[in-house]
Amino acid sequence: MDSTQNVERQSPVDIITDTVREHYLNARYGLKSWLFTVDHKRIAILYLITITLFFFVGGFFATMIRLELATPEGDVVSAETYNKLFTMHGIVMVFFFLIPSIPAVLGNFLVPIMIGARDMAFPKINLLSWYVFVVGGIISFIAIVMGGVDTGWTFYTPYSTVYSNSYVVLTGIGIFITGFSSILTGLNFIVTIHKMRAPGLTWYRLPLFIWSNYATSIIMILGTPVIAITVLLLALERGLGLGIFNPALGGDPVLFQHLFWFYSHPAVYIMILPSMGVISEVVTCFSRRRIFGYKFVAYASLGIAVIGFLVWGHHMFVSGQSAYAGMIFSFLSFVVAIPSAVKVFNWTTTMYKGSISYQTPMLYAMGFIGLFVIGGMTGLFLATLGLNVHVHDTYFVVAHFHYIMVGGAVMGYLAGMHFWWPKMTGRNYPEGWGRFSALMVFVGFNLTFFPQFLVGYLGMPRRYHVYPPEFQVLNVMSSAGASILAVGYLIPLIYLIWSLRYGTRATANPYNATGLEWQTSSPPPVENFYETPIVTEEPYQYSPIEAEKEYALRQKEEINV
Amino acid sequence: MSDTHSMVAHQFDDALQQKEASTVGMWVFLVTEIMFFGGLLLAYFIYRTSYPHEFLIASHELNVTIGTINTCVLLTSSLTMALAVHAAQMGNRKGQVILLVVTMILGATFLVVKGFEYAEKFEHHLVPGSSFHFHSEATLQNPGAPEIFFSLYFALTGLHAFHMIIGLGLMTWLLVKAKRGRFSPQYYNPVEVGGLYWHFVDIVWIFLFPLLYLIDRSMLV
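So the sequence lines, in the order shown, correspond to chains A and B.
Residue numbers are given in this note's numbering: position 199 of the first sequence equals residue 199, and the series is strictly consecutive.
Residue numbers are given in this note's numbering: position 52 of the second sequence equals residue 52, and the series is strictly consecutive.
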């Protein structure tokens with residue numbers, strides 16, 4: 001069906017090619033014009049700068065962890081410091097980088113443009129969400145500087161409420177406040193997607209990036225308040241000596257774990273769903289094919305969001321919850337793999353017989369698919385009750401969730417950052433360096449985390465700063481991989497900043513992609529479109545035959561020359 | 001009226017889209033609020049199931065009469081709020097102002113009464129923490145349970161009171177706008193959305209009152 005539908009796409013024009021054209025970046029200047037902006041595109045840039053800072057703070061902690069684990073002895077930091085390092089690595093990366101990463105940066109920038117709106121439904125609330133994020137971030141950062149926190153990012157009671165001698169309350173307040181930025185973003189997305197779509201843009205004509213951000217928003221508004229109240233109770237308990245989670249006072253520490261994971265498991269889907277949205281956009285564009293099974297991919301996002309709320313107990317198989325609860329949570333965790341697998345199959349089927357080109361975003365996207373499969377399949381190992389007892393709290397778990405959260409979410413984020421960088425900044429990134437860094441990230445990532453599956457399966461527990469000497473080879477491989485990975489992350493940081501000044505100017509649609517964001521200029525004007533677009537067709541109207549013809553003609557021309 | 005047109009923010013096409021967006025926005029926010037209270041209510045149900053007997057005895061320390069009066073006060077404030085929305089719809093400026101003021105007075109009354117209740121708990125050493133003291137032969141089996149009851153009591157009613165304070169702030173803002181005659185039959189969604197929030201806070205109390213004050217009333221019969 002696809003091959004017969006040779007829709008003649010009019011190539012989108014640069015509306016005004018004049019370089020002094022006014023757009024959202026040069027419309028106003030000065031610090032004030034940024035700090036008081038209500039333009040969703042500028043707020044996205046504010047978020048981008050903030051979370052990039054946090055990414056490298058969290059990355060610093062990771063570097064220290066891998067440095068310590070290069071040898072079996074505890075020779076770089078003390079056990080106490082090590083506890084703080086992995087705790088703060090987790091807190092910074094989860095709450096201050098991964099959760100806001102794609103929704104707050106790419107989502108903020110793209111959701112209104114992709115649906116043909118001038119802005120979010122509530123621009124001021126959008127700006128407020130950034131300020132709330134920054135305040136929460138600063139408070140947590142102060143806690144880090146004052147001496148940090150050592151409870152693990154999970155804050156399990158009663159250690160966190162009674163015994164820990166670190167800045168639990170201050171960090172908790174930071175996370176509590178930051179949660180509201182997430183709620184406000186989710187609220188804004190839901191209302192914007194419901195009420196601000198351009199004429200003709202029906203639900204089934206929405207790009208899949210919108211569907212996945214919509215599903216993410218549902219998790220944000222339903223899950224985040226629960227972690228907020230949990231952290232609030234934790235702080236009250238620690239501050240006033242209440243007994244809600246303290247067994248010595250009649251409370252129940254397992255209740256804390258239930259409440260914590262009720263949010264924190266769906267939070268993993270907050271991280272991965274937007275990445276899946278990016279992959280759907282990138283895979284179709286660089287395969288020049290319509291998405292295979294649009295509705296399946298769209299509903300898989302909602303399915304993951306809904307079922308994702310019912311699997312939290314798989315974190316607690318050895319916490320003393322009932323065996324029956326364990327069985328049900330195990331079953332449901334298997335069920336949530338179905339919509340995830342639907343997506344993976346549909347992306348690969350989309351690529352099948354496509355006209356594939358291996359540009360940087362596509363390399364990241366293909367890396368995502370492979371790593372997500374490994375992360376997802378090992379997730380099924382962990383959801384199996386019997387095997388879980390064996391590998392619980394080992395490096396097998398660490399490797400698994402890094403395959404999802406780094407191999408999945410961060411690869412998707414980088415795919416999206418490269419894909420839309422020309423749109424966001426009006427500059428092209430250097431393609432050669434882009435491909436090189438994608439390769440570095442892929443190789444470095446696998447070298448870092450695959451050995452952790454092995455060392456975990458052999459029995460190395462997580463959260464220890466010393467380990468038996470027989471685990472050293474695998475740990476050294478992991479640390480070596482981490483340094484490659486670090487270089488892989490630093491290269492894009494350098495060339496993307498470099499491209500702002502020296503990159504070639506981007507056209508409106510450098511990849512000849514479909515989607516409303518490519519119909520407006522790069523970077524877009526303040527109100528996104530010069531006139532409100534009218535949508536008359538489904539997304540991803542690509543033609544692999546046309547792409548192959550163009551390619552063949554180009555080849556011929558080159559031979560003639 | 002050109003004034004009505006200028007009330008439409010730049011991102012919206014027309015007043016209807018703006019009205020629908022703000023209404024959906026408030027409903028989504030209220031869903032968030034339900035989950036927020038939901039976490040606490042879950043803790044309540046867990047411990048009420050674990051310590052039914054102790055919760056019953058501890059709840060006897062709450063003053064049902066005062067609680068009932070406060071419930072009436074709050075329900076009346078919801079009525080006046082609904083009438084204020086109606087007045088805004090009708091373009092009745094004086095009515096909006098009076099009804100908003102009455103709603104605020106009723107809300108403030110609730111908070112003052114709640115304050116006296118809290119003070120009484122302080123005097124009877126029923127505030128959780130180091131000075132907590134609850135002496136009853138009946139709870140000796142689970143000596144920690146009464147304190148958990150009062151922890152949840154203060155967390156739930158405190159969070160509720162905090163929402164009321166935010167509601168009063170919201171209403172002050174509405175009052176200023178209403179006084180200036182900013183609302184009209186064409187543009188009244190801030191009052192409507194503010195009303196939605198106020199009713200939500202009211203409904204939360206409708207749940208809290210029986211859960212905390214009336215635990216064993218059916219057993220008296």
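A virtual CB, placed ideally from N, CA and C, is assigned to each residue, including glycine.
If we call anything under 9 Å between Cβ atoms a contact, is residue i one with residue j?
| i | j | result |
| --- | --- | --- |
| G129/B | L240/A | yes |
| R462/A | Y395/A | yes |
| F96/A | V57/A | yes |
| E61/B | F134/B | yes |
| E237/A | I244/A | yes |
| F12/B | M196/A | yes |
| L493/A | L439/A | no |
| L175/B | V73/B | no |
| L206/A | P533/A | no |
| G416/A | S275/A | yes |
| A399/A | F449/A | yes |
| H360/A | R435/A | At residue 360/A the sequence reads Thr, which differs from the His that was named. Yes, they are a contact pair. |
| H402/A | G375/A | yes |
In angstroms with no decimal places, state the Cα-to-Cα distance between residue i and residue j.
| i | j | result |
| --- | --- | --- |
| S131/B | F36/B | 29 Å |
| Y358/A | F286/A | 7 Å |
| G107/A | M351/A | 25 Å |
| W211/A | Y204/A | 9 Å |
| K32/A | E22/A | 18 Å |
| V191/B | G91/B | 12 Å |
| G456/A | T71/A | 16 Å |
| T49/B | F55/B | 9 Å |
| V226/A | F260/A | 8 Å |
| L490/A | I113/A | 29 Å |
| W205/B | G67/B | 10 Å |
| M64/A | H390/A | 28 Å |
| V564/A | Y495/A | Given that chain A is displayed from residue 1 to residue 561, the structure contains no residue 564/A and the question cannot be resolved. |
| K343/A | H86/B | 49 Å |
| L212/B | G137/A | 36 Å |
| N509/A | A21/B | 31 Å |
| V526/A | L35/A | 16 Å |
| T87/A | W153/A | 5 Å |
| L332/A | G174/A | 32 Å |
| G30/A | I45/A | 14 Å |
| N446/A | A62/A | 16 Å |
| I219/A | A267/A | 7 Å |
| E73/A | P253/A | 33 Å |
| M405/A | P422/A | 26 Å |
| S129/A | A513/A | 31 Å |
| F329/A | L310/A | 7 Å |
| G158/B | L126/B | 15 Å |
Below 8 Å on the Cβ atoms is my contact criterion, and I expect residue i with residue j to pass it. Report the Cβ-Cβ distance as a whole number of Å.
| i | j | result |
| --- | --- | --- |
| T80/B | L111/B | At roughly 16 Å, the Cβ-Cβ gap does not stay under 8 Å, so T80/B and L111/B are not in contact. |
| Y413/A | I49/A | Contact flag wrong, Cβ pair sits at about 15 Å. |
| G326/A | G313/A | 7 Å |
| F209/A | L302/A | Their Cβ separation, rounded to whole angstroms, is 14 Å, which puts F209/A and L302/A out of contact at 8 Å. |
Assign residue i to buried or exposed, taking buried as 16 or more other Cβ atoms, counted over all protein chains shown, within 10 Å of its Cβ.
| i | result |
| --- | --- |
| L167/B | Here residue 167/B turns out to be Gly, not Leu, going by the sequence shown. Classification of G167/B: buried, given that the 10 Å Cβ count is 16 or more. |
| E517/A | buried |
| H315/A | buried |
| R505/A | exposed |
| W198/B | buried |
| G64/B | Sequence inspection shows Val at residue 64/B; the Gly mentioned does not correspond to that position. Exposed. |
| W173/B | exposed |
| T4/A | Note on T4/A: pLDDT 35, under 50, position unreliable in the model; the coordinate value appears next. Counting Cβ neighbours within 10 Å, T4/A comes out exposed, since fewer than 16 surround it. |
| T507/A | buried |
| Y324/A | exposed |
| V369/A | At residue 369/A the sequence reads Ile, which differs from the Val that was named. The residue is buried, with at least 16 neighbouring Cβ atoms inside 10 Å. |
| M377/A | exposed |
Cβ-heavy atom distance between residue i and the ligand FMN below 8 Å?
| i | result |
| --- | --- |
| V297/A | Of the ligands one can find in the structure shown there are none, so the ligand FMN has no counterpart to examine. |
query: Got a sec: which bits of the stretch 128-145 of chain B sit with their beta carbon under 7 Å from any beta carbon on chain A, in order along the chain?
result: Residues of the stretch 128-145 of chain B whose Cβ lies closer than 7 Å to any Cβ of chain A, in chain order: P128, G129, S130, N142, G144 and A145.
- prompt: Looking at chain B, which residues of the stretch 152-183 of chain A have a Cβ within less than 8 Å of any of its Cβ atoms?
  reply: For chain B, the residues of the stretch 152-183 of chain A that bring a beta carbon within less than 8 Å of one of its beta carbons are I183, in chain order.
task: Scan the stretch 518-529 of chain A for residues whose Cβ lies nearer than 7 Å to a Cβ of chain B and list them as they occur along the chain.
output: Interface annotation for the stretch 518-529 of chain A against chain B: empty, criterion Cβ-Cβ distance under 7 Å.
query: What are the residues of the stretch 102-121 of chain A that lie near chain B, defined by any Cβ-Cβ distance shorter than 9 Å?
result: Listed by position, the residues of the stretch 102-121 of chain A near chain B (Cβ gap below 9 Å) are P112, A117, R118, D119, M120 and A121.
message: So if I threshold CB-CB distances at 7 Å, which residues from the stretch 205-224 of chain A count as touching chain B?
response: Within the stretch 205-224 of chain A, those residues whose Cβ lies closer than 7 Å to any Cβ of chain B are, in chain order, I221 and L222.
message: By the 9 Å beta-carbon criterion, what residues does the stretch 191-203 of chain A contribute toward chain B?
response: Hits within the stretch, in order: V191, T192, H194, K195 and M196.
field: Short-range partners of chain A found in the stretch 5-26 of chain B, where Cβ spacing is below 7 Å
entry: Residues passing the 7 Å Cβ filter: H10, Q11, Q17, E20, A21, V24 and G25.
- request: Closer than 8 Å, Cβ to Cβ, to anything on chain B: give me those residues from the stretch 19-42 of chain A, in chain order.
  value: Those residues of the stretch 19-42 of chain A that come within reach of chain B (Cβ to Cβ, closer than 8 Å) do not exist; the list is empty.
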